[in-house]
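Q: I have a structure here, written as C-alpha cells, and I will follow up with some questions on it.
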Amino acid sequence: MDRLQTRELAYFVAVAEELHFGRAAERLGIAQPPLSRAISRLERRMGVPLLERNSRKVTLTPAGEVFLTESRRALDAVDAAVRRAQRAGRPASRLVLVMKPGGDCGLLPDILAAYETDPDAVPVDIVLCSAHECAGVIRDGRADVGLLHRSNTDLTGLDIEELLTEDQVVVLPHSHHLADRVSVCLADLAGETMPHWSADPHNTPNRLSVRDVGQLMQLIALGRAIAVVPASVRGQLRDDLTCVPVTDAQPTTLILAWPQGHRASALAAFVRTATTVAAHRQQTPSRVKRRRIHAT
Numbered sequence: 024m025d026r027l028q029t030r031e032l033a034y035f036v037a038v039a040e041e042l043h044f045g046r047a048a049e050r051l052g053i054a055q056p057p058l059s060r061a062i063s064r065l066e067r068r069m070g071v072p073l074l075e076r077n078s079r080k081v082t083l084t085p086a087g088e089v090f091l092t093e094s095r096r097a098l099d100a101v102d103a104a105v106r107r108a109q110r111a112g113r114p115a116s117r118l119v120l121v122m123k124p125g126g127d128c129g130l131l132p133d134i135l136a137a138y139e140t141d142p143d144a145v146p147v148d149i150v151l152c153s154a155h156e157c158a159g160v161i162r163d164g165r166a167d168v169g170l171l172h173r174s175n176t177d178l179t180g181l182d183i184e185e186l187l188t189e190d191q192v193v194v195l196p197h198s199h200h201l202a203d204r205v206s207v208c209l210a211d212l213a214g215e216t217m218p219h220w221s222a223d224p225h226n227t228p229n230r231l232s233v234r235d236v237g238q239l240m241q242l243i244a245l246g247r248a249i250a251v252v253p254a255s256v257r258g259q260l261r262d263d264l265t266c267v268p269v270t271d272a273q274p275t276t277l278i279l280a281w282p283q284g285h286r287a288s289a290l291a292a293f294v295r296t297a298t299t300v301a302a303h304r305q306q307t308p309s310r311v312k313r314r315r316i317h318a319t
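The sequence shown begins at 24 in this note's numbering and counts up by one.
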C-alpha cells in the first residue's frame with residue numbers, strides 16, 4: 024500500500040470526530056461527495072472498514088477507533104516537525120522552555136545562570152502554562168524542553184531526566200487552625216477547599232479555579248483555599264502565609280522533559296546544566312537518575 028497522505032488523515036479525523044459527513048465537509052471547507060469518496064478509497068486501500076454508516080448515523084468501527092488515535096498522533100507530529108523546523112531556520116537560534124508558574128522548585132535561576140556559561144548555550148525563551156498543558160506544548164513543537172512534575176503527567180513521546188524529589192507541604196494563612204502544627208496528614212485537610220487550575224479537566228467538589236500562583240496565594244491569604252505543594256515553595260511565601268509539612272503526601276518529582284530522540288547541542292547543554300544544578304541543590308547526587316544525551 025502506498026504511503027497515506029496527511030490530507031487523507033485529516034479527512035478521516037474530521038469525519039470521525041463529527042460522526043457526520045455533512046458537518047465534517049463543512050469543517051474542512053469541501054463538498055460532501057468528494058469527502059465520502061475519499062473515505063471510501065481510504066478504507067479500500069487499508070483493507071478494513073473504519074466507519075459504519077446508515078441513513079441515521081455514522082459510528083466508528085474498532086479499527087476506526089484505533090486509526091483515529093494514530094491519525095491524530097501523526098498529524099500532531101507533522102505539525103510539531105513544521106514548528107521545530109521553522110524555529111531552527113530562523114537566523115538567531117533560541118531554546119524554548121515551558122513550565123507552570125512557580126513550577127521550577129526554585130532551580131531555574133541557577134540553571135539559566137550556569138547555562139549561559141556553556142559554549143553550546145543559546146538564548147532561552149520561557150513559556151508559562153498550566154501543568155496539564157506543558158507536556159503537550161513540548162510534543163506539538165511549541166517548546167523544546169520543559170520543567171514538569173512527574174505525577175499525573177502523560178510523558179508519551181518524551182525523554183526525561185529526574186532533577187529533584189521533594190516532600191510536600193500545605194500552604195495556609197496564619198489564621199488557619201492548623202497553622203501552628205508541626206505537621207499534618209491528609210486526613211486533617213479533609214473538607215478544605217483546594218485549588219484546581221483553569222485548564223485542569225478534573226473539576227471536582229471543594230475545588231477553587233485558579234489561573235496563576237499569585238492568584239492562588241491571594242486566595243489562601245484571604246482564607247478561601249489552601250494548597251498542597253512542593254516544599255521548595257517555602258522560599259517564595261508571602262509574609263502572611265505559612266507552610267506545614269504533610270507527612271503522608273506522596274513526594275513530588277521535578278523532571279526535565281524534551282521530545283524523544285532530540286539531540287541538538289543547545290538542548291544537550293541545557294540538560295547537562297540542569298542535572299548538575301539539581302544535584303548540587305539536593306546534595307544527594309545518588310538520588311538524581313541520569314540518562315545523558317549527547318550532541319550530534
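Every residue gets a Cβ at the ideal spot worked out from N, C-alpha and C, and that includes glycine.
Computed from a prediction, not measured in an experiment: that's the story for all the values here.
How far does the beta strand (DSSP E) with G169 in it reach, from first residue to last?
A: Taking the sequence shown and counting its residues from 1, one reaches residue 169 at position 146. Start and end: V168 to H172.
Q: Can you give me the C-alpha to C-alpha distance between P142 and L118, rounded to a whole angstrom?
A: In the sequence shown, the residue the question calls residue 142 occupies position 119. In the sequence shown, the residue the question calls residue 118 occupies position 95. P142 and L118: Cα-Cα distance of roughly 14 angstroms.
Q: Using alpha carbons as the reference points, say which of L51, G52 and R76 lies closest to S63.
A: On the sequence shown, position 40 is the one that residue 63 refers to. S63 has its Cα closest to that of R76, out of L51, G52 and R76.
Q: Please list the segments of the beta strand (DSSP E) lying wholly inside the stretch 72–154, counting only runs of 3 or more residues, in order along the chain.
A: 74–76, 81–83, 118–122 and 147–151
Q: Indicate the three-state DSSP secondary structure (helix, strand or coil) for E156 in the structure shown.
A: Numbered from its first residue, the sequence shown carries residue 156 at position 133. E156: helix per DSSP, three-state reduction.
Q: By Cβ distance below 6 angstroms, which residues in the same chain neighbour H303 in space, the five residues on each side in sequence not counted?
A: Stepping through the sequence shown from its first residue, residue 303 is reached at position 280. By the criterion of a C-beta distance shorter than 6 angstroms, H303 is surrounded by no residue of its chain, once the five residues flanking it on both sides are discounted.
Q: On the premise that L51 lies in contact with L58, defined as a C-beta separation below 8 angstroms, what is that separation, rounded to the nearest angstrom?
A: Mapped onto the sequence shown, residue 58 falls at position 35. Mapped onto the sequence shown, residue 51 falls at position 28. At roughly 7 angstroms, the Cβ-Cβ gap stays under 8 angstroms, so L58 and L51 are in contact.
Q: Just to confirm before moving on: does the CB-CB distance between A254 and D190 stay below 8 angstroms?
A: What you label residue 254 is simply residue 231 of the sequence shown in a count that begins at 1. What you label residue 190 is simply residue 167 of the sequence shown in a count that begins at 1. In this structure, D190 lies closer than 8 angstroms to A254 by Cβ.
Q: Going by beta carbon distance, what residues of the same chain come within less than 8 angstroms of L231, once the five residues before and after it are set aside?
A: On the sequence shown, residue 231 is found 208 positions in, with the first residue counted as 1. The residues are T216, M217, P218, H219, L242, R247 and A248.
Q: Assign S174 to buried or exposed, taking buried as 16 or more other Cβ atoms, counted over all protein chains shown, within 10 Å of its Cβ.
A: Indexing the sequence shown from 1 puts residue 174 at position 151. So S174 ends up on the exposed side.
Q: So what does DSSP say about Q273, is it helix, strand or coil?
A: What you label residue 273 is simply residue 250 of the sequence shown in a count that begins at 1. Looking at Q273 - three-state DSSP - the assignment turns out to be coil, as it is neither helix nor strand.
Q: What residue range does the beta strand (DSSP E) around T265 cover?
A: Sequence index remark: in the sequence shown, residue 265 carries index 242 (1-based). Counting along the chain, the beta strand (DSSP E) containing T265 begins and ends at L264 to P268.
Q: Is S198 helix, strand or coil when you go by DSSP?
A: Walking along the sequence shown from the start, residue 198 turns up at place 175. Residue state, collapsed to three classes: coil.
Q: Does DSSP put A287 in a helix, in a strand, or in coil?
A: Translated into positions along the sequence shown, residue 287 becomes position 264. DSSP places A287 in coil when its eight states are reduced to three.
Q: Against chain D, with Cβ distances strictly below 8 angstroms, would R96 count as a contact?
A: Absent here is chain D; the protein component of the structure consists of one chain.
Q: The alpha helix (DSSP H) spanning E215 covers which residue range?
A: The residue given as residue 215 occupies position 192 in the sequence shown. Counting along the chain, E215 falls outside any alpha helix (DSSP H), and DSSP gives it neither H nor E.
Q: State the CB to CB distance for the pair S116 and A289, rounded to an integer number of angstroms; the pair is presumed to be in contact (CB under 8 angstroms).
A: Counting from one through the sequence shown, the residue named residue 116 turns up at place 93. Counting from one through the sequence shown, the residue named residue 289 turns up at place 266. Their Cβ separation, rounded to whole angstroms, is 7 angstroms, which keeps S116 and A289 in contact under 8 angstroms.
Q: Under a three-way DSSP split, which group does L51 fall into?
A: Against the sequence shown, residue 51 aligns to sequence position 28. Three-state DSSP puts L51 in a helix.
Q: Which of helix, strand or coil does DSSP assign to T298?
A: Taking the sequence shown and counting its residues from 1, one reaches residue 298 at position 275. If DSSP states are grouped into helix, strand and coil, T298 belongs with the helices.
Q: Would you grab the beta carbon distance between A301 and L178 for me? Rounded to a whole angstrom, and I think it's under 8 angstroms.
A: As a working mapping, residue 301 is identified with position 278 in the sequence shown. As a working mapping, residue 178 is identified with position 155 in the sequence shown. In this structure A301 is not in contact with L178, their Cβ atoms being roughly 18 angstroms apart against a cut-off of 8 angstroms.
Q: Is the stretch 199–208 touching the stretch 138–155, taking contact as three or more C-beta pairs under 8 angstroms?
A: no
Q: Taking 7 angstroms as the cut-off, does the CB of A48 come closer than this to any heavy atom belonging to the ligand NAP?
A: With respect to the ligand NAP, the structure shown offers nothing to examine, as it has no ligands at all.
Q: Could you name the residues that DSSP lists as bridge partners for D203?
A: By 1-based counting over the sequence shown, the position of residue 203 is 180. Answer is none; D203 lacks a bridge partner.
Q: Report the three-state DSSP secondary structure of I249 (helix, strand or coil).
A: Residue numbering aside, residue 249 sits at position 226 when the sequence shown is read from its first letter. In this structure, I249 counts as coil in the three-state DSSP scheme.
Q: I'd like to know if the stretch 90–104 and the stretch 268–277 are in contact, where contact means that at least 3 CB-CB pairs between them fall below 8 angstroms.
A: no
Q: When burial is assigned at 16 or more other CB atoms within 10 Å of the CB, is T265 buried or exposed?
A: Position 242 of the sequence shown holds residue 265. Buried, by the Cβ-count rule.
Q: Can you tell me whether P56 is buried or exposed, with buried defined as 16 or more other CB within 10 angstroms of its CB?
A: Counted from its first residue, the sequence shown places residue 56 at position 33. P56 should be labelled exposed.
Q: So, L187 versus A158, is the Cβ gap smaller than 8 angstroms?
A: One-based indexing of the sequence shown puts residue 187 at position 164. One-based indexing of the sequence shown puts residue 158 at position 135. Going by C-beta atoms, L187 is not nearer than 8 angstroms to A158.
Q: Hey, F35 and F90 are a contact pair by Cβ (cut 8 angstroms); roughly how many whole angstroms apart?
A: Position 12 of the sequence shown, counted from the first residue, corresponds to residue 35. Position 67 of the sequence shown, counted from the first residue, corresponds to residue 90. Correct: roughly 7 angstroms between the Cβ atoms.
Q: Considering L32, what are the terminal residues of the alpha helix (DSSP H) in which it resides?
A: Along the sequence shown, one-based indexing puts residue 32 at 9. For L32, the enclosing alpha helix (DSSP H) covers residues T29 to E41.
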